[in-house]
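Read through the structure below, which is laid out as structure tokens, and then see the notes.
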Ligand SMILES: [Zn+2]
């Protein structure tokens, strides 16, 4: 059966190669790293991988969202670490320092209208279609931008939380971030600073003088400290949550890493667990990843250039029947 499917692949990929060559001459997003056209052989390997395994455990990272205009931290030349001296806030700093929280929320307040307006791209939508086709065991995202949710993904866990939710550190009540924006506006009616570049978590750049008078609301229920419902750097992901995700990995027959360098251990541990369970691993990412040595398939390319063109088995059957005619 597989030999006949491969005929379909070759028929399909001929026009694809032309498309890559055309795309390589187009101007790129400010936030997507430079990337040569994908190696068609590697893409073919990924196609075979997706066709062969039917219960994929997919983990995504910042690389899938750069094509929606959200910068990542680590990409060479275009990531936040390359372009600026800024580093994301540490969990301990946020919890301990009122000044740090004021600075964080002031920047977050200014950046929110733009950050919250980002839309899912072709890669997010493709993964959503995989889910609807019954091919996705589970999707874990390391992103906090809600783009998978906006695309309609349901079999989804946000490993590091989501900036569209806010949690009270006192009573653990979770509210919508959009609700908090209204409270910011009512507390700071004269505050009208402009964003000067947005970070992956919705942060923007403002000076200490600019934020000095910014008023930060507290929890309406208990007066506690409000924090984005995300795992900041220096914090750890809840162990019971990780174990529940391992259960999904147990049900999967393969793992696919999409748009992540896997540098952060909280994501990398799933690649280690997959290897421990002898699950095949494929990677779609621009540049090297920490999990490269664990993978049998590696495609260097932009997610949105590849995922929408990967065919699922039923689509293969349609092409196969056309080839036979
Ligand atoms: Zn509270």
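In the UniProt record's numbering, the protein residues as written are 1 to 325. Ideal placement from N, C-alpha and C gives every residue a C-beta, glycine not left out.
Inspect the beta-carbon positions of residue 279 and residue 252 and report whether they are closer than 8 Å.
-> Residue numbering aside, residue 279 sits at position 279 when the chain shown is read from its first letter. Residue numbering aside, residue 252 sits at position 252 when the chain shown is read from its first letter. The beta carbons of residue 279 and residue 252 sit closer together than 8 Å.
What does a CB cutoff of less than 8 Å around residue 46 pick up in its chain, not counting 5 residues either side in sequence?
-> Stepping through the chain shown from its first residue, residue 46 is reached at position 46. Contacts found: 282, 284, 297, 299, 306, 310.
When you get a sec, list the residues whose CB is within less than 6 Å of any heavy atom of ligand 1, chain order please.
-> The chain-ordered list of residues whose CB is nearer than 6 Å to some heavy atom of ligand 1 reads 168, 170, 171, 173, 219, 221, 222, 224.
Hey, quick one: how far does the alpha helix (DSSP H) through residue 275 stretch, first residue to last?
-> Walking along the chain shown from the start, residue 275 turns up at place 275. Per DSSP, the unbroken alpha helix (DSSP H) holding residue 275 starts and ends at 265-276.
Residue 243 versus residue 109 - alpha carbon distance | Counting from 1 along the chain shown, the entry for residue 243 is found at position 243. Counting from 1 along the chain shown, the entry for residue 109 is found at position 109. Those two C-alpha atoms are separated by around 34 Å.
On the premise that residue 304 lies in contact with residue 123, defined as a C-beta separation below 8 Å, what is that separation, rounded to the nearest angstrom?
-> Here residue 123 is taken as the residue at index 123 of the chain shown, counted from 1. Here residue 304 is taken as the residue at index 304 of the chain shown, counted from 1. Here residue 123 really is in contact with residue 304; their C-beta atoms are around 4 Å apart, less than 8 Å.
So, residue 60 versus residue 180, is the Cβ gap smaller than 8 Å?
-> The sequence position of residue 60 within the chain shown is 60, counting from 1. The sequence position of residue 180 within the chain shown is 180, counting from 1. Contact: no.
Pick from 220, 219, 184: whose alpha carbon is nearest that of residue 107?
-> As a working note, residue 107 is residue 107 in the chain shown. Of 220, 219, 184, the residue nearest in Cα terms is 184.
Which two residues bound the contiguous beta strand (DSSP E) that contains residue 385?
-> In the structure as shown, the chain starts at 1 and stops at 325, and residue 385 therefore has no counterpart that could be examined.
Three-state secondary structure assigned by DSSP to residue 68 | Reading the chain shown from its first residue, position 68 is the one you call residue 68. Correct three-state label for residue 68: helix.
Can you tell me where the beta strand (DSSP E) with residue 137 in it begins and where it stops?
-> Within the chain shown, numbered from 1, the residue matching residue 137 stands at position 137. It spans 136-141 - the beta strand (DSSP E) in which residue 137 sits, taken as one unbroken run.
Classification of residue 143 by the beta-carbon crowding that lies within 10 angstroms, buried from 16 upward | Position 143 of the chain shown, counted from the start, is the residue given in the question as residue 143. The Cβ neighbour count for residue 143, taken over all protein chains shown within 10 Å, is at least 16; the residue is labelled buried.
Just grab the DSSP bridge partners of residue 297 for me.
-> One-based indexing of the chain shown puts residue 297 at position 297. According to DSSP, residue 297 bridges with 282.
Among residues of its own chain, excluding the 5 on either side of residue 308, which ones have a beta-carbon nearer than 8 Å to its beta-carbon?
-> To locate residue 308, count along the chain shown from 1; it is residue 308. The beta carbon of residue 308 lies closer than 8 Å to those of 122, 123, 125, 126 in the same chain, with the five residues before and after it left out.
Leaving out five residues before and five after residue 173 in sequence, what residues of the same chain have Cβ atoms less than 6 Å from its Cβ?
-> For the purposes of this step, residue 173 is identified with residue 173 of the chain shown, where counting begins at 1. Hits under 6 Å: 221.
Buried or exposed: which applies to residue 145, given that a residue is buried once 16 or more other Cβ atoms fall within 10 Å of its Cβ?
-> Against the chain shown, residue 145 aligns to sequence position 145. It counts as buried.
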